[in-house]
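Q:
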């Protein structure tokens, strides 16, 4: 564990929310805290300062087995994840650890998950359409380049197939990179997507 000398104790655990009590100094908001949970490393992210000496944190993994009075250490920095060309085709968890059984990620720059937004000068002001290569989408529901769009549909209607086509077409037509972020059951979908692209 990376420690800054600030040590605290778990005071309350409510699902993924963990309150940690410190002495005189509190860790900064968005700092990563580390503790051991049933022999495994558990990372907490400071979300709030409560009163004089308590911080409210969000756990980045299961808190099952975490007990009050357990030691917690401030890392002195936010959660960092690996970035760079070596990350292409890799699967990582929320704290940047590889979970694809392809070994450690070496020689990669680590960056905080909290980055400043680009300035208005850096952003394009002209509205452009992203040509997806899927004709029905480009005609009936064109996607704005650089924007966000929701993809809604029931089970088995082809959302994942559409995502696969978008990833494939964007890579071929625009030379871009795609990032799939799965939450909850979507992690299974990401696993299926990964194995399909390998084949």
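In this note's numbering, the protein residues as written are 362 to 560.
Yeah, the Cβ is synthetic: ideal placement off N, Cα and C, and Gly gets one too.
In whole angstroms, give me the CA-to-CA distance for residue 531 and residue 412.
A: Counting from 1 along the chain shown, the entry for residue 531 is found at position 170. Counting from 1 along the chain shown, the entry for residue 412 is found at position 51. Using only the alpha carbons, I get a separation of about 49 Å.
Q: Which first and last residues belong to the alpha helix (DSSP H) in which residue 436 is found?
A: For the purposes of this step, residue 436 is taken as the residue at position 75 of the chain shown. No alpha helix (DSSP H) contains residue 436, which DSSP labels as neither H nor E.
Q: Mind checking which residues open and close the alpha helix (DSSP H) that includes residue 380?
A: Locating residue 380 in the chain shown gives position 19, where the first residue counts as 1. Counting along the chain, residue 380 falls outside any alpha helix (DSSP H), though it belongs to the beta strand (DSSP E) covering 378-382.
Q: Going along the chain, which residues of its own chain have a beta-carbon closer than 8 Å to the beta-carbon of residue 373, five neighbours each way excluded?
A: Taking the chain shown and counting its residues from 1, one reaches residue 373 at position 12. Same-chain partners within the cutoff: 379, 380 and 429.
Q: Would you grab the beta carbon distance between residue 493 and residue 527 for me? Rounded to a whole angstrom, and I think it's under 8 Å.
A: Reading the chain shown from its first residue, position 132 is the one you call residue 493. Reading the chain shown from its first residue, position 166 is the one you call residue 527. Confirmed, about 6 Å.
Q: Restricting to Cα atoms, I'd like to know which of 506, 499, 496 and 553 is closest to residue 485.
A: One-based indexing of the chain shown puts residue 485 at position 124. Looking at the Cα atoms, 506 is the closest of the given residues.
Q: Can at least three beta-carbon pairs, one atom from the stretch 475-490 and one from the stretch 446-461, be found at a separation below 8 Å?
A: Too few Cβ pairs lie closer than 8 Å, so no.
Q: Short check: CB of residue 439 to CB of residue 391, under 8 Å?
A: The residue given as residue 439 occupies position 78 in the chain shown. The residue given as residue 391 occupies position 30 in the chain shown. Taking 8 Å as the Cβ cut-off, residue 439 and residue 391 qualify as a contacting pair.
Q: Starting from residue 368, trace the beta strand (DSSP E) in both directions and tell me its first and last residue.
A: Within the chain shown, the letter at position 7 stands for residue 368. Here the beta strand (DSSP E) through residue 368 covers 368-375.
Q: Among residues of its own chain, excluding the 5 on either side of residue 524, which ones have a beta-carbon nearer than 8 Å to its beta-carbon?
A: What you label residue 524 is simply residue 163 of the chain shown in a count that begins at 1. For residue 524, where only same-chain residues beyond five positions count, the Cβ hits under 8 Å are 512, 541 and 554.
Q: Look at residue 455 and residue 421 and say whether their C-beta atoms are less than 8 Å apart.
A: Here residue 455 refers to the residue found at position 94 of the chain shown. Here residue 421 refers to the residue found at position 60 of the chain shown. Result yes, Cβ atoms of residue 455 and residue 421 sit closer than 8 Å.
Q: Which runs of the beta strand (DSSP E), 3 residues or longer, sit entirely within the stretch 433-514?
A: As far as the stretch 433-514 is concerned, its whole beta strand (DSSP E) runs of at least 3 residues are 441-444 and 470-473.
Q: Using the C-alpha atoms, what's the distance from residue 426 back to residue 536?
A: In the chain shown, residue 536 corresponds to position 175, counting from 1. In the chain shown, residue 426 corresponds to position 65, counting from 1. The alpha-carbon atoms of residue 536 and residue 426 are separated by roughly 46 Å.
Q: Note down the Cα distance separating residue 552 from residue 446, rounded to an integer number of angstroms.
A: Here residue 552 is taken as the residue at index 191 of the chain shown, counted from 1. Here residue 446 is taken as the residue at index 85 of the chain shown, counted from 1. Their backbone Cα atoms lie some 20 Å apart in a straight line.
Q: Do you know whose CA, among 472, 431, 436 and 432, lies nearest residue 448's CA?
A: In the chain shown, counting from the first residue as 1, residue 448 sits at position 87. Closest option to residue 448, Cα to Cα, is 472.
Q: Tell me whether residue 429 sits in a helix, a strand or coil according to DSSP, three-state version.
A: The count along the chain shown starts at 1 and reaches residue 429 at position 68. Residue state, collapsed to three classes: coil.
Q: Indicate the three-state DSSP secondary structure (helix, strand or coil) for residue 401 in the structure shown.
A: Here residue 401 is taken as the residue at index 40 of the chain shown, counted from 1. Strand at residue 401.
Q: Residues in the same chain with beta-carbon distance under 7 Å from residue 362, minus the five sequence neighbours each way, listed in chain order, please.
A: Your numbering for residue 362 matches position 1 in the chain shown. Note that residue 362 has pLDDT 48, beneath the 50 cutoff, so the model's placement of it is unreliable and the number below is only indicative. Cβ within range, chain order: 395 and 434.
Q: Are the beta-carbon atoms of residue 490 and residue 481 separated by less than 8 Å?
A: Working through the chain shown from its first residue, we reach residue 490 at position 129. Working through the chain shown from its first residue, we reach residue 481 at position 120. The answer is no: Cβ separation not under 8 Å.
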